[in-house]
Each structure stands twice: as structure tokens, then as C-alpha cells.
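Quick note, this note's numbering runs 478 ahead of the 1-based positions in the sequence shown. Where is the CB? At the ideal position from N, CA and C, for every residue including glycine.
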Amino acid sequence: MQTNQLKGNNGPRYRQEQASEIPYELIKVKKLTPVIGAEISQVDLSKPLSKLQEKEIHRALSENQVIFFRDQKISKEDHIAFGRLFGDLHIHPSAPHVDGIPEMMKIYADKDSPRANGEVWHSDVSCDLLPPMGSILQIIQCPPYGGDTLFASMYAAYEALSDRMKMYLRGLTAIHDGEPVYRGMYKNFGVQDKETYPRAEHPVIRTHPITGKNALYINKGFTTQILGIPIDESDGLLTYLFEHMENPLFQCRFRWEENSIAFWDNRCVQHRAMWDYWPHTRVGNRITVAGDKPFFNAIDPS
Ligand SMILES: [Fe+2]
């Protein structure tokens, strides 16, 4: 059996649409791959942004799904202010936060950690009824090498499915359950478990509210079952879709440096963090921007 090859004899199964040729006026946008990811320069996030800078950063996120900034020496207040440009801030249902700032999630792993954040492909807190629109992570302390984060385009994963599979998935919904993920997860940080954790039903294909494009919206981290079909069929389908979305064709990989920032759009991106740097330490802070209820636009048959 061939896996992860998207085999066919009529050219590539996935063809990336041409990038916009409208130039940016203030920021510089350098793509990491034709499919996903771009590094943004000529902007200092420690200073207030002009309306045009803000608009161009938003456009870069829409066009590239995840954007990266380097050498940003920002304070916690700058980080929060940057997040607020894109919406209200989301508070994580379980993870530890920076003292006195519940909106700022701590990212930390060292030689004694029992686990590190994000080692499974996921979209942040997709178990929420209103899952976060985006996450803005700054890494403050890096291992000498390793600790990269992989990002995968769920637009590309959706587009690469056959027309028959797209038709099959249209209108299906799935359960995203926080309970098996979060219970006991942060006990090493002294976090007490809550009585319950979020659980939500979301469309398997999600239409992005800004771009109008469809994305595959299930993930290994949270999705437990596709509804409306027998459980064995759901298990088989999820196994296939999880394998499909891990194809490297849909991915970029970011190598962090101290004071790098990544801003990813959870509506169309999944990510996975590498914990390959033991016994070294990796430290960061994350601000998460609140989002809307996922929907599928059934009018558009694409
Ligand atoms: Fe994450």
C-alpha cells in the first residue's frame, strides 16, 4: 500500500493557486513554501503599528496562514496589545499562565518535564464552542538547536482530497473533546483539574470567514468521532484523514531563534511542536486570539 504520496497520473493532485502579486507597501513578506508560511520583516512589534501595517499583517496572515517575525524584543504588554489588534483574547481552559495575566499562556519544557506542549498535530483548543482564531507565540529561550514547530495547511489538505471524498465529507460534523487531553495534563505545574473540560461539535469541512476557502477541520489532538456514520466507519475515516493531513506537501517547518514570533490561523492550520531538544530548555509565552463558531458554507460546492 502506498501512503503519503498522493499518487496519480495526471500531474500533481494538489496545485497551489498563484500567490497575489499586489505588492506590500510597508512590510516585507518572504514565503517559506508556496503552500504555507511566510516571514515578515520591516516591522517592529514593540512600537504601535500604523493602520496600514496592521492591515498588511492581516493580509499576510490570510495569504500565508502562518506568519513569522524575528528579533522582536517585545514586552508582555506589547504582546497583548499586538494580539488585541486581531480581536478579543482567549483564556486557555487548562494551561498555566504568566502570573497575573490569565490571557498569557506559559510554554515551558526542560530536562525534568514529564511532557512538552503540542507534540500531537492539532489546532489550538478546537474543543471550545468558539475555538481560537489565532495564536501568537513568542519563544524567549531556545535550545541550541531543535524545538522547531511544523505547520500544515488544512486548505491544501482539503483541496488534495478527491471530489468524491469532498462530497462525502460535506455537511458531516465531528466531536472535539478536551476531557481526554486536558485532565491531569498540567499537574506538574501544580494546576488543579476542573470539573469538566470543553467539548464541541464542529463541521468536518470548515469555511474560513475571511478568505471563504474550505479547510479540513478535524485533528488528532481533539477529534474523537465523526457523527452520523457508524463508529467503525468514523474510526477508519479519521485514521485516513489524519494520515492524509500529515503529508509534508502541506507543511512548513519553522526554526526558532530567541525573540522569534509565530502567528498562526487556527481556522486553517494545524501545528506540531518537536520535543527533540532534551535535556535543554525551551521557554515562551502565547497570546491566543478569540474566534467564532466554525461553519461550513454549503452554497459553495468547491
Ligand atoms: Fe498548540
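- CA-to-CA, the gap between Ile618 and Phe728 works out to about 28 Å.
- Just measuring C-alpha positions, the residue of Pro609, Leu615, Asn666 and Asp713 sitting nearest Arg677 is Pro609.
- Taken in chain order, the complete alpha helix (DSSP H) segments of 4 residues or longer contained in the segment 575-660 are 632-637, 641-647 and 657-660.
- If you look at Ile709, you'll find it isn't in any beta strand (DSSP E); it sits in the alpha helix (DSSP H) that goes Ile709 to Met723.
- With contacts defined as CB atoms closer than 9 Å, Leu563 and Leu530 fail to qualify as a contacting pair.
- In terms of side-chain proximity, the C-beta atom of Gly596 is found nearer than 8 Å to a non-hydrogen atom of ligand 1.
- Non-local C-beta neighbours of Ile614 in its own chain, meaning closer than 6 Å and more than five positions away in sequence, comprise Gly561, Phe741 and Ile765, ordered along the chain.
- Pro681 and Asn775 have their C-alpha atoms roughly 10 Å apart.
- Going by DSSP, Gly762 is part of no alpha helix (DSSP H) but of the beta strand (DSSP E) stretching over Arg760 to Val767.
- For Asn542, there is no enclosing beta strand (DSSP E); the residue is part of the alpha helix (DSSP H) that begins and ends at Lys529 to Asn542.
- Per DSSP, Glu517 lies in no alpha helix (DSSP H); the unbroken beta strand (DSSP E) holding it starts and ends at Ala516 to Ser519.
- Per the C-alpha coordinates, the member of Glu736, Phe773 and Thr759 positioned closest to Ile552 is Glu736.
- For Phe732, the enclosing beta strand (DSSP E) covers residues Gln729 to Phe732.
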